[in-house]
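Asker:
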Amino acid sequence: MAVEYQQVPSGRRRRNLLVWGVSVLLVATLIAVSASVAVALWSSGPVSSDLLVGDFESTIIGRCKAYLAKNKEDSSKNDCEEVWKAFSGAYLGKDPCEVSVEAYDPLMRAVSERPACDRMLFWSKTRDFVHDFTAKTKCQLTLEDTLLGYMMNDQTYWCSEKGSSVTFTEKGKCPGWDECERNPMKSFWKRASAAFAESACGDVAVMLNGSIDTPFAPDSIFASVEVKKFHSPKMKALKVVLVTKGKDDKANCKNKSLQNLKDALDPRLSYECLEVPQSKIIDCTSHPDKACGNCW
Ligand SMILES: *[C@@H]1O[C@H](CO)[C@@H](O)[C@H](O)[C@H]1NC(C)=O
Ligand SMILES: *[C@@H]1O[C@H](CO)[C@@H](O)[C@H](O)[C@H]1NC(C)=O
150 MAVEYQQVPS GRRRRNLLVW GVSVLLVATL IAVSASVAVA LWSSGPVSSD
200 LLVGDFESTI IGRCKAYLAK NKEDSSKNDC EEVWKAFSGA YLGKDPCEVS
250 VEAYDPLMRA VSERPACDRM LFWSKTRDFV HDFTAKTKCQ LTLEDTLLGY
300 MMNDQTYWCS EKGSSVTFTE KGKCPGWDEC ERNPMKSFWK RASAAFAESA
350 CGDVAVMLNG SIDTPFAPDS IFASVEVKKF HSPKMKALKV VLVTKGKDDK
400 ANCKNKSLQN LKDALDPRLS YECLEVPQSK IIDCTSHPDK ACGNCW
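All residue numbers for the sequence shown refer to our numbering, where the first residue is 150 and numbers rise by one.
(1) For residue 399, verify whether its CB is less than 7 Å away from any heavy atom of ligand 2.
(2) Taking only runs that begin and end inside the region 244 to 299, name each unbroken alpha helix (DSSP H) of 4 or more residues, in chain order.
(3) Are the beta-carbon atoms belonging to residue 205 and residue 305 less than 8 Å from one another?
(4) Mapping DSSP to helix, strand and coil, what is residue 241?
(5) If you follow the beta strand (DSSP E) that residue 352 is in, where does it begin and where does it stop?
(6) Work out the CA separation of residue 208 and residue 196 for me, nearest whole Å.
(7) Taking the alpha carbon of residue 264 as the point to measure from, which residue in 284, 247 and 290 has its own alpha carbon closest?
(8) What does the Cβ neighbour count give for residue 413, buried or exposed, with the cut at 16 atoms within 10 Å?
(9) So, do the region 371 to 383 and the region 326 to 344 have three or more beta carbon pairs nearer to each other than 8 Å?
(10) Can you check whether the CB of residue 357 is closer than 8 Å to the CB of residue 389?
(11) Which one of 293, 443 and 331 has the shortest CA to CA distance from residue 278?
(12) For residue 317, does the three-state DSSP call read helix, strand or coil?
(13) Rounding to the nearest angstrom, what Cα-Cα distance links residue 223 and residue 212 in this structure?
(14) Using the DSSP secondary-structure output, state which residues sit across from residue 424 in a beta bridge.
(15) Give the range of the alpha helix (DSSP H) segment to which residue 365 is assigned.
(16) Mind listing which residues have their beta carbon within less than 6 Å of any non-hydrogen atom of ligand 1? Chain order is fine.
(17) For residue 400, which three-state DSSP category applies?
(18) For ligand 3, I want to know if residue 406 counts as a neighbour, meaning its beta carbon is within less than 7 Å of at least one of the ligand's heavy atoms.
(19) Measuring straight from C-alpha to C-alpha, what distance separates residue 336 and residue 270?
(20) Helix, strand or coil for residue 323, going by three-state DSSP, please let me know.
(21) Would you report the Cα separation of residue 301 and residue 258, rounded to the nearest angstrom?
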């Protein structure tokens, strides 16, 4: 080999040296770049979608514990480590487009919460508005104000892959909400929504959007999952709060889609639809007495 080396023409040797030099420079640049990317990812905090492996688990368990610390009456009946195990067991090791709604059944059994009769509030196409309202008034309660909803709210992506024991939370790795029907996120929200609606008791309200064409959209979780789980006599009435804005309004209580909602309901439930100006609801958030009693 040494002999062969000697035989390398000096021109090629110089070229080799040059290639080597450039490679060293490239590697050094790569190290510097990846180091700064790592620092950027790290400093962007634990709620970013670029979670490092293991962060998702601690985020979810942390949220579970934070919720139970604020809701002491539920804390003795729930163990956050067990809840995490049941939750992750639903999708770990599975193809991210093959996670069924039923895969979350063990999670539903692992969680225990008392239903908030007469205070349950459902929503469709009013997500941010409704959560701002419940966060400020603390009278009504949406799914996202319960343990499971609170744990998973704002977690956009989670999935695993066949044979893997790792959770991914990257957009590129996990399918989007509409990319395939049986993705881990959609199946979770369908299962959790079904359980929340099944527990509905007393007088129940739903906040729908009057600024869109079809306030009761057939493909929404509210229409396709929740309404079907409302049952008398546990539940007594459904009140539709159609949030209106004035000149931007498209639909009112007479809209055909709301007639469809009435028809889809258990006939023993009483039904009422109210058109309520958005400004009135916003006004209620600064008057908790009104918000809890007669905001609409
Ligand atoms: C109703 O829907 C529109 C269009 O998506 C949205 O901009 C608006 O914020 C929604 N209204 C409420 C009260 O959430
Ligand atoms: C009312 O409901 C129907 C059927 O659900 C829908 O197609 C229609 O566009 C809706 N909106 C208005 C503003 O009429």
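Cβ atoms here follow ideal geometry from the backbone N, Cα and C, with glycine treated the same way.
Answerer: For this structure:
(1) yes
(2) 254 to 259 and 276 to 286
(3) no
(4) coil
(5) 351 to 358
(6) Caution is warranted here: a pLDDT of 41 is assigned to residue 196, below 50, making its placement in the model unreliable, and no coordinate value can be reported.
(7) 290
(8) exposed
(9) yes
(10) yes
(11) 293
(12) strand
(13) 14 Å
(14) 391
(15) First-last for residue 365: undefined, no H or E at that position.
(16) 274, 275, 278, 358, 360, 361, 392 and 427
(17) coil
(18) For the structure depicted, ligand 3 is absent and the ligand set comprises only ligand 1 and ligand 2.
(19) 21 Å
(20) coil
(21) 17 Å
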